[in-house]
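Heads up: the sequence lines are chains G, H, V and Y, in that order.
FYI, the numbering for the first sequence is 393 to 544, going by our numbering.
FYI, the numbering for the second sequence is 393 to 544, going by our numbering.
FYI, the numbering for the third sequence is 393 to 544, going by our numbering.
FYI, the numbering for the fourth sequence is 393 to 544, going by our numbering.
Protein chains: 4
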Amino acid sequence: MKKLLILVFLLVPFFTQAQSQVQPYLSLEDAIRISDAAQVKSEAEGWNMVIVVLDAGGHMISLRKMDGVQIGSVDVALAKAKSSVYFKRPTKVFEDMMKGEGGARIATLPNAVAIEGGLPIFKDGIIVGAIGISGATSAQDGIVAAAGLEAY
Amino acid sequence: MKKLLILVFLLVPFFTQAQSQVQPYLSLEDAIRISDAAQVKSEAEGWNMVIVVLDAGGHMISLRKMDGVQIGSVDVALAKAKSSVYFKRPTKVFEDMMKGEGGARIATLPNAVAIEGGLPIFKDGIIVGAIGISGATSAQDGIVAAAGLEAY
Amino acid sequence: MKKLLILVFLLVPFFTQAQSQVQPYLSLEDAIRISDAAQVKSEAEGWNMVIVVLDAGGHMISLRKMDGVQIGSVDVALAKAKSSVYFKRPTKVFEDMMKGEGGARIATLPNAVAIEGGLPIFKDGIIVGAIGISGATSAQDGIVAAAGLEAY
Amino acid sequence: MKKLLILVFLLVPFFTQAQSQVQPYLSLEDAIRISDAAQVKSEAEGWNMVIVVLDAGGHMISLRKMDGVQIGSVDVALAKAKSSVYFKRPTKVFEDMMKGEGGARIATLPNAVAIEGGLPIFKDGIIVGAIGISGATSAQDGIVAAAGLEAY
Chain G
393 MKKLLILVFL LVPFFTQAQS QVQPYLSLED AIRISDAAQV KSEAEGWNMV IVVLDAGGHM
453 ISLRKMDGVQ IGSVDVALAK AKSSVYFKRP TKVFEDMMKG EGGARIATLP NAVAIEGGLP
513 IFKDGIIVGA IGISGATSAQ DGIVAAAGLE AY
Chain H
393 MKKLLILVFL LVPFFTQAQS QVQPYLSLED AIRISDAAQV KSEAEGWNMV IVVLDAGGHM
453 ISLRKMDGVQ IGSVDVALAK AKSSVYFKRP TKVFEDMMKG EGGARIATLP NAVAIEGGLP
513 IFKDGIIVGA IGISGATSAQ DGIVAAAGLE AY
Chain V
393 MKKLLILVFL LVPFFTQAQS QVQPYLSLED AIRISDAAQV KSEAEGWNMV IVVLDAGGHM
453 ISLRKMDGVQ IGSVDVALAK AKSSVYFKRP TKVFEDMMKG EGGARIATLP NAVAIEGGLP
513 IFKDGIIVGA IGISGATSAQ DGIVAAAGLE AY
Chain Y
393 MKKLLILVFL LVPFFTQAQS QVQPYLSLED AIRISDAAQV KSEAEGWNMV IVVLDAGGHM
453 ISLRKMDGVQ IGSVDVALAK AKSSVYFKRP TKVFEDMMKG EGGARIATLP NAVAIEGGLP
513 IFKDGIIVGA IGISGATSAQ DGIVAAAGLE AY
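Written out as structure tokens, the structure is:
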């Protein structure tokens, strides 16, 4: 029993140190679950979408393009997701900023996309990736992105 | 009645011609089936892979990155698939060509990738897309690409 | 002896002219001093920043990314500094210009960034480089850029 | 004592789960320590270098360019580090592969750099980033990269 106690005290700093230099990440399983939820919502609404999930470095974990979607939506969904993970915020935030005085400055911000449909994904306050949706109106893209995120 | 019969005969070549102006294409369902087969083979062998399926225009229909794969494999799998659909041939063909005298010229060929793991996908002799695999050795990438293609 | 004296007088204007063909430049030591000052200010304010110093050709001398900053800030800090050295003016000048009528035209100006946080660095009236800051609000980015510049 | 035992059992799955979805990362402090060691080695040898440290997503944490280095070395050091983190291997591996029959195929591999001077950085077997060095001969670049890595 005493040995166990010692073990616990020995383990505590180990986990503490480990935790101070580790961060959560998205698995393929997470990305598939998020994408499935987004696709279910798309189909329920009768919208065809490109659905992208990126990791915290902005690299693709998963992409799927539903039949009949304009090919331009592949790059758009990617860019929305990239913007969300690069700036840790929904692309809708940039869309709203562009409505104000001098808002066009956002167009000079590298990697910023100012069209709804990109959402960052956080785990315990740490960014782990993003979802990007394109294919319908930007408001509809945003609804599907939110439906995907809810499944995380 | 006779007039109608004549009309039908006049219309037949019209429909025939119309049909000669269509081409087969890959659906998302096809791409998922191909990708699932590739992933099953990867998991059976204990290899982690990036699995990409492109359409006949070289645009992504589906991508998935298994956990732990080097991030460089995302671009590599994409490039292999793109090379296969752009040149209607396996990337292995270019790899073999590079072994011959002056083979390094292939490195100057736009969009050519000379590393096994990309396969074109044909339907009735018409190119409909390609599969690209990266994550293990190029020979192993090729095995997984073939396993995916078999499911089409 | 007399001949040598004449030679010296002939050479003097040559050396003078040669010196009129040099320009000041930023050393790594300068860049580190500027970056350290910017980082001290960032930490004092509790802001996490990307701090970039470029040379007169727009090439990086120094970059550092404090922990937890959004990855998008790397490209933004670089772009702000590049804009400052390419146009010999603070990015805030473009930001202000965009507020006026037709100001959105700045978004079509190659390499212009219209968001505060980039400052050119001058030595004796000659441009020697720029500092670019990103990570907090653009006003805060500007404060940190100014703190860095002060150390030059 | 019993309570502690229960606590331990309650904590075990927590840490296990947490560990299965977290990964280590490089801090700015790590990157500075690695870069300092590389710079000390460079100066001891009388070589001027560009020293880059990237994170696991291939994004810059730190860059410094010593005085007098050719500006081309900035992109070279970046590309070497990117290649190392994208493919989880030293760029020397690609350099050696290119010497064999058909080795020129590596020139068709996206993001691969086949010149010594890039080294991946691992923590507990997980890739956390890379160091890239350029400025002298590739063998000398490799020596400095190794000296940097040793300080991690």
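For each residue, glycine too, the CB sits at the ideal point set by N, CA and C.
- Cβ atoms of K472 (chain V) and V505 (chain V) come within 8 Å of each other, at about 5 Å.
- If you look at A496 (chain G), you'll find it isn't in any beta strand (DSSP E); DSSP assigns it neither H nor E.
- Taking a contact as a CB-CB distance under 8 Å, the pair D447 (chain G) and G521 (chain G) counts as one, their CB atoms being some 5 Å apart.
- Between the stretch 497-515 of chain H and the stretch 431-438 of chain H there are fewer than three C-beta pairs closer than 8 Å, too few to call the two in contact.
- With 16 or more other Cβ atoms from the protein chains shown falling within 10 Å of its own Cβ, A539 (chain G) counts as buried.
- Using beta-carbon distances, M490 (chain H) does not count as an interface residue toward chain G, since no partner is under 8 Å.
- Close to chain Y, meaning a Cβ-Cβ distance shorter than 7 Å, are the following residues of the stretch 506-535 of chain H: A506, I507.
- DSSP places R425 (chain H) within a helical segment (H, G or I) once states are collapsed to three.
- If you draw a straight line from the Cα of A543 (chain V) to the Cα of P502 (chain Y), it is about 41 Å long.
- If you draw a straight line from the Cα of G464 (chain G) to the Cα of S412 (chain H), it comes to about 27 Å.
- By the Cβ-count criterion, D533 (chain Y) is buried, with 16 or more other Cβ atoms from all chains shown falling within 10 Å of its own Cβ.
- In this structure, A537 (chain Y) places its C-beta atom within 8 Å of the C-beta atom of I525 (chain Y).
- For chain G, none of the residues of the stretch 427-444 of chain V brings a beta carbon within less than 7 Å of one of its beta carbons.
- Under the criterion of beta carbons closer than 8 Å, G494 (chain Y) and G495 (chain H) qualify as touching, at roughly 7 Å.
- Under the Cβ criterion of 8 Å, E542 (chain H) is not counted among the residues facing chain Y.
- Using a Cβ distance threshold of 8 Å, G450 (chain G) and G449 (chain Y) count as a contacting pair.
- For V445 (chain G), the closest alpha carbon among the candidates G:S530, G:Q415, G:S419 is that of G:S419.
- Following the DSSP letters along the chain, one finds I453 (chain V) inside the beta strand (DSSP E) bounded by residues 452-457.
- In this structure, I426 (chain H) lies away from I535 (chain H), with their beta-carbon atoms at least 8 Å apart.
- The beta carbon of A473 (chain G) sits no closer than 8 Å to any beta carbon of chain Y.
- Sorting G:V414, G:P416, G:E487 by C-alpha distance to the C-alpha of A531 (chain G) places G:E487 at the top.
- Within the stretch 506-530 of chain G, the runs of beta strand (DSSP E) at least 3 residues long that lie entirely inside it are, in chain order, 510-515, 518-526.
- When DSSP states are grouped into helix, strand and coil, V445 (chain Y) belongs to the strand group.
- Shortest Cα-Cα distance from T529 (chain H) to any of Y:V466, Y:K484, Y:K515, Y:F479 involves Y:F479.
- By the rule that beta-carbons nearer than 8 Å mark a contact, V468 (chain H) does not touch chain G.
- Taking V477 (chain H) as the centre and dropping the five residues before and after it, the same chain places the C-beta of L446, A448, G450, P512, I519, G521, A522 closer than 7 Å to its C-beta, in chain order.
- Taking 7 Å as the upper bound on Cβ-Cβ separation, chain Y lies near residues G449, H451, M452, I453, S454, L455 of the stretch 444-455 of chain V.
- When beta bridges are read from the DSSP output, P416 (chain G) appears opposite Y:V414.
- The three-state secondary structure of A504 (chain V), taken from DSSP, is coil.
- Just measuring C-alpha positions, the residue of V:V485, V:I453, V:I498 sitting nearest D467 (chain Y) is V:I453.
- DSSP places V477 (chain V) in the helix class (H, G or I) of the three-state scheme.
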